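Just below is one structure, and these are the notes that go with it.
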Amino acid sequence: MQSKAGTYLGFCRRAGKLTLGVNAARATRERIFLFVCDPSASENCKKEIAKLCEKFDCPVVWLDDLAALVNKAECKVAGVREEHLAEAIRRASEEGNFQK
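If you want it as structure tokens, here you go:
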């Protein structure tokens, strides 16, 4: 059974509204509404995430095994560019619905 997070991230990916990776997030010209990050990211990556959250004025959600959920090996950062799905992911994280 897949978590709500995986389902919402899958919707974003199929809709083309998911930016994967720090470099891609830094280079995007579209608005990012939420960052979903893996806690196993390096310290430098976490610093970049903090800068990007400030740049886009958006929250961050920490989620274990992000690479498996977005089906991209070694992925540590995903930027959600769809406002409603970003809100759904954020709400699910507050309710604790990220466990598999």
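Residue numbers (my numbering): -19 to 80.
Every residue gets a Cβ at the ideal spot worked out from N, C-alpha and C, and that includes glycine.
Since we're looking at a predicted model, the values are computed, not measured.
Per DSSP, the bridge partner or partners of residue i
i       : result
Val57   : Cys17
Thr(-1) : Gly59
Val40   : Phe15
Distance, residue j Cα to residue i Cα
i       : j     : result
Ala48   : Lys56 : 10 Å
Thr(-1) : Ala7  : 10 Å
Check whether residue i and residue j have beta carbons under 7 Å apart
i     : j       : result
Arg82 : Lys(-3) : For the chain, the structure presents residues -19 to 80; residue 82 sits outside this window and is missing.
Member of the options whose CA lies at the smallest distance from the CA of residue i
i        : options                   : result
Glu34    : Lys(-16), Arg11, Thr(-13) : Arg11
Trp42    : Gly59, Lys52, Ala5        : Gly59
Asp18    : Val40, Glu63, Lys31       : Val40
Gly(-10) : Ser20, Ile69, Val50       : Val50
With 16 other Cβ atoms within 10 Å as the buried cut-off, status of residue i
i     : result
Val16 : buried
Ala66 : buried
Asp37 : exposed
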